[in-house]
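Okay, so the sequence shown: first residue is 192 according to the numbering used here, each after it adds one. Read the structure below first, then the notes.
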Amino acid sequence: MADAITYRLGGLLDLDEVIELYRASTLGERRPIDDRAAVADMLRHANLIITAWDGALAVGIARTMTDFSYVAYLADLAVRASHQRQGIGKELIRRTRAALSPGALLVLLSAPKAVDYYPHVGFIRHPQAWTVKAGGTAPPAP
Ligand SMILES: CC(C)(COP(=O)(O)OP(=O)(O)OC[C@H]1O[C@@H](n2cnc3c(N)ncnc32)[C@H](O)[C@@H]1OP(=O)(O)O)[C@@H](O)C(=O)NCCC(=O)NCCS
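Below, the structure is given as structure tokens:
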């Protein structure tokens, strides 16, 4: 099945399509998908977005902010529930890494459902990671 999947660098600029994909992956539960302006900002300001497609259907997204040389923050990795566990997430990560300089550090905060996923696909837990909300009013949630 994963053989039929195609990947695009950039693209997936339709807001409703992106919101639907986040919802269909369950990541929408942890992202501000009811705030269209926020999702529009998330798309507009991310500078490395890779999408996966099953024909005309968007089935996966990796959304990253990066300087391409030193560090990259993989903010969202989401695969449509109907297409999970077919290697699509792994391929989105592989393509994200391939777009960066080999020395660049890829950083992320795992959603609770994915804490066992990232070590499985090559990420190493960092014991000195720190976060704070810009407004400082609530604990940050990945
Ligand atoms: C987490 C997620 C991105 C993984 O994508 P995926 O396409 O389903 O995963 P893959 O098919 O690439 O899986 C690669 C490997 O990890 C394993 N795996 C997949 N999901 C896993 C999980 N939640 N926990 C542990 N291992 C997992 C697969 O079995 C596979 O193992 P293998 O290489 O030994 O065969 C996807 O399940 C998803 O979108 N989940 C909901 C949203 C979410 O939590 N995103 C993470 C935000 S930080």
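Every residue gets a Cβ at the ideal spot worked out from N, C-alpha and C, and that includes glycine. All values derive from a computational prediction rather than experimental measurement.
I want to check one thing, is the minimum distance from the CB of residue i to the heavy atoms of ligand 1 below 7 Å?
i	result
residue 273	no
residue 248	no
residue 312	yes
residue 302	yes
residue 331	no
residue 263	no
residue 255	no
residue 260	no
residue 305	yes
residue 325	no
Considering residue i, what are the terminal residues of the alpha helix (DSSP H) in which it resides?
i	result
residue 280	279-289
residue 206	206-216
residue 230	227-236
Excluding the 5 residues preceding and the 5 following residue i in the sequence, name in chain order all residues of the same chain whose CB lies nearer than 7 Å to its CB.
i	result
residue 224	210, 213, 214, 230
residue 269	212, 213, 216, 218, 251, 252
residue 228	none
residue 238	256, 257
If I follow the unbroken beta strand (DSSP E) through residue i, where does it start and stop?
i	result
residue 306	No beta strand (DSSP E) holds residue 306; DSSP gives it neither H nor E.
residue 199	196-200
residue 323	Unbroken run through residue 323: none, as it is neither H nor E.
residue 297	296-298
Using C-beta distances below 8 Å, list every residue in its chain close to residue i, excluding the 5 sequence neighbours before and after it, in chain order.
i	result
residue 296	261, 262, 263
residue 310	316
residue 338	In the structure as shown, the chain starts at 192 and stops at 333, and residue 338 therefore has no counterpart that could be examined.
residue 240	200, 201, 202, 203, 234, 252, 253, 254, 255
Kindly indicate if chain C contains any beta-carbon less than 8 Å away from that of residue i.
i	result
residue 274	Among the chains in the structure shown there is no chain C, since it carries only a single protein chain.
Notebook entry, point to check: Between the stretch 241-258 and the stretch 205-218, are three or more C-beta pairs nearer than 8 Å?
Noted result: yes
Check: Hey, which unbroken runs of the beta strand (DSSP E) at 3 residues or more fall wholly within the stretch 240-268?
Finding: 248-257
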